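Chemist: Read in order, the letters of the sequence shown are residues 1 to 408 in the numbering used here.
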Amino acid sequence: MSRIVIVGAGHAGGSAAALLRQYGFDGEVVLIGEEPVAPYQRPPLSKALLKGEGEEEDLLLRPADFYVEQNIQMRLGQTVTAIDRAGKQVVLSDGETVAYDTLILATGSTARKLDVPGADLTGVLELRTLVDARRLRAAIKPGVRLAVVGGGYVGLEVAASARALGAEVVVIEREARLLARVASEVLADFMHDAHSRQGVTLLTGRTVVAFQPGEDGSVAGVTLDDGQSLPADLAIVGVGGVACEGLGAAAGLTCDGGVVVDETARTSDPHIYALGDMTRRPVPVHDGRIVRLESVPNALEQAKQAAAAITGRKPPPPEVPWFWSDQYDLKLQMAGLSDGADRKVVRGDPTGPGFAVFHLAGDRLLCVEAVNAPAEFMGGRLVIAKATPVDAEKLADPSVSMKAVAKA
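1) Round the Cβ separation of L125 and L136 to the nearest angstrom and send it over; I've been treating them as touching at under 8 Å.
2) I think P36 touches G77, with their Cβ atoms under 8 Å apart; what is that distance to the nearest whole Å?
3) Please list, in chain order, all residues of the same chain as A249 whose beta carbon is under 7 Å from its beta carbon, the five residues on each side excluded.
4) Cutting at 6 Å between CB atoms, please list the residues of its own chain near R145, excluding the five before and the five after it.
5) What distance in whole Å lies between the Cβ atoms of V171 and V148, which are believed to be in contact at a cut-off of 8 Å?
6) Does the segment 179 to 187 come within contact of the segment 213 to 231, defined as at least 3 CB pairs closer than 8 Å?
7) Got a sec, what are the start and stop residues for the alpha helix (DSSP H) E301 sits in?
8) Let me know the secondary structure DSSP gives A408 once reduced to three states.
9) When the Cα of Q333 is compared with those of M1, I384 and W324, which residue comes out closest?
10) Does the beta-carbon of K403, which I'm using as the reference point, lie nearer than 8 Å to any heavy atom of the ligand NAP?
11) With distances taken from CA atoms, which of A194, P316, E28 and I32 is nearest Y328?
12) Are A356 and G348 touching if we call contact CB-CB under 9 Å?
13) Sorted by chain position, which residues of the same chain lie with C-beta nearer than 8 Å to A404's C-beta, five sequence neighbours on each side aside?
14) Which term fits M74, buried or exposed, when burial requires 16 or more other beta carbons within 10 angstroms of its beta carbon?
15) Looking only at its own chain, which residues have a Cβ that is under 8 Å from the Cβ of P374, when we skip the five neighbours before and after it?
16) With a threshold of 6 Å on Cβ separation, who are the neighbours of G151 within its own chain once the five nearest residues in sequence on each side are excluded?
17) With DSSP as the reference, label S184 as helix, strand or coil.
18) Using only alpha-carbon positions, find the residue among V291, H286 and T279 that is nearest to A303.
19) Would DSSP call H359 helix, strand or coil?
20) Is the number of C-beta pairs between the segment 306 to 325 and the segment 12 to 31 that are closer than 8 Å three or more?
21) According to DSSP, which residues form a beta bridge with T81?
22) Taking Cβ to Cβ, would you say A274 is nearer than 9 Å to A82?
23) If you draw a straight line from the C-alpha of G276 to the C-alpha of E215, how long is it?
24) Note down the Cα distance separating S109 from S399, rounded to an integer number of angstroms.
25) Short of 8 Å in beta carbon distance, which residues of its chain neighbour R289, apart from the five on each side in sequence? Order them along the chain.
26) Do you know how far the Cα of F66 is from the Cα of D72?
27) Please state if the CB of A9 and the CB of L31 are separated by a distance shorter than 9 Å.
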């Protein structure tokens, strides 16, 4: 009987296991995960769960009995340390080997570390796992002084959740503005104002050079590159993620800031697939550009690609990359890739409660950023998928429906 081993029990790995059964694979499926819990959703870690608005069991992708019913072998709390491609087996940390006919890697990414004095102090945290979220939730209380290092989406989501819990929050971002790598200046300025209105102190163009210890050995403050010292009872470091390509690289798979895969999620080894944050993949709707994406939709799309290829099904249609973020009463939704755009078109008032920013190259829409504007997000996503030429004046005019724009 054929055996598929999946290394990584996150959103990508858990979805791949379920899809293999859905698509008719009747061989063995073995799901190996480092964390001692079944696959769960990670986005709520910085949002609803952190604010105490949900229970941990609500995060599970599927009920525990699903894996029993589907005959998916769960090997949780175990770490794969090596891939033996010649012998078609993986090696666990205790020396046990698990043979495979097909291997799926879905090991995700790890938090980028700050190499500064005091980074290992108690109270200097990151947010990647359920355990991380538990630690952070237990530490955030009214009046606690929280330093958020990094003004990307995760850092800003934590800042918003912490403010809702009554913490005093300062965000420290080394770039000149928030969301510098991932959003337009229009959106970044809007989010800067939104957080300022909520009482968050925002320091851009500043770098943390050290975490200062208190008398008990826990973090008590941060030192910035300009010599400024800020008190902090707690710090969260959110300066990006690093693809977990180590297993693949050590096994000789092609890697380039992530394990490189094709449109079926297959690696340079025909018996090995890779999914999710750990990969660099082509995006057909953006002319096959090779990129690394960190999002739940990307993980799900690649899980579908791999499951379809393994079971001999028709490949799923290419999807437009998309992402979302919830902060305060704001729903941010982004679709497409903005690289290559030569102009921006703003629809609506960028200081108001709802607007969208469209990124164009000539008359081709490449990306949409929407704030409390679901119609603009969905319409823009459709236009990007169809590569339909658009009229910039219509895009900018809120009186022209997105349905009409999509048909242009």
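Glycine residues also receive a C-beta, built at the ideal position from the N, C-alpha and C atoms.
Note that the structure is predicted; figures quoted are calculated from it, not measured.
Modeler: This is what the structure gives:
1) Their Cβ separation, rounded to whole angstroms, is 6 Å, which keeps L125 and L136 in contact under 8 Å.
2) So it is a contact: roughly 4 Å between Cβ atoms.
3) For A249, where only same-chain residues beyond five positions count, the Cβ hits under 7 Å are C255.
4) Excluding five sequence positions before and after R145, the CB atoms of its chain that fall closer than 6 Å to its own CB belong to E168, P231, A232 and D233, given in chain order.
5) Correct: roughly 5 Å between the Cβ atoms.
6) These segments do not touch.
7) Per DSSP, E301 belongs to the alpha helix (DSSP H) from V296 to T311.
8) Interpretation of A408 is limited by its pLDDT of 49, a score under 50 that renders its predicted location unreliable; the figure taken from the coordinates is listed afterwards. In the structure shown, the three-state DSSP call for A408 is coil.
9) Here the closest residue by C-alpha is W324.
10) Ligands displayed in this structure: none; no statement on the ligand NAP is therefore possible.
11) Taking only the C-alpha atoms, the option nearest Y328 is A194.
12) The beta carbons of A356 and G348 sit closer together than 9 Å.
13) Sequence-distant Cβ neighbours of A404 in its own chain, meaning closer than 8 Å and more than five residues away, are K394.
14) Buried.
15) Taking P374 as the centre and dropping the five residues before and after it, the same chain places the C-beta of K331 and Q333 closer than 8 Å to its C-beta, in chain order.
16) So the list reads V171, E173 and L178, once near-sequence residues are dropped.
17) In the structure shown, S184 sits in coil (DSSP, three-state: anything other than H, G, I, E or B).
18) Of the candidates V291, H286 and T279, the one whose C-alpha sits nearest the C-alpha of A303 is T279.
19) It is a strand residue.
20) Yes: the two stretches touch, three or more of their Cβ pairs being nearer than 8 Å.
21) According to DSSP, T81 bridges with nothing at all.
22) Contact flag unset, no.
23) Annotation: G276 to E215 spans about 42 Å, alpha carbon to alpha carbon.
24) Their Cα atoms are separated by approximately 43 Å.
25) Residues of the same chain with a CB within less than 8 Å of the CB of R289, apart from the 5 flanking positions on each side, are P282, V283, L337 and D339 in chain order.
26) For the sequence presented, residue 72 should be read as Ile rather than Asp. When rounded, the distance between both Cα atoms is 8 Å.
27) It is a contact, given that the beta carbons lie within the stated cut-off.
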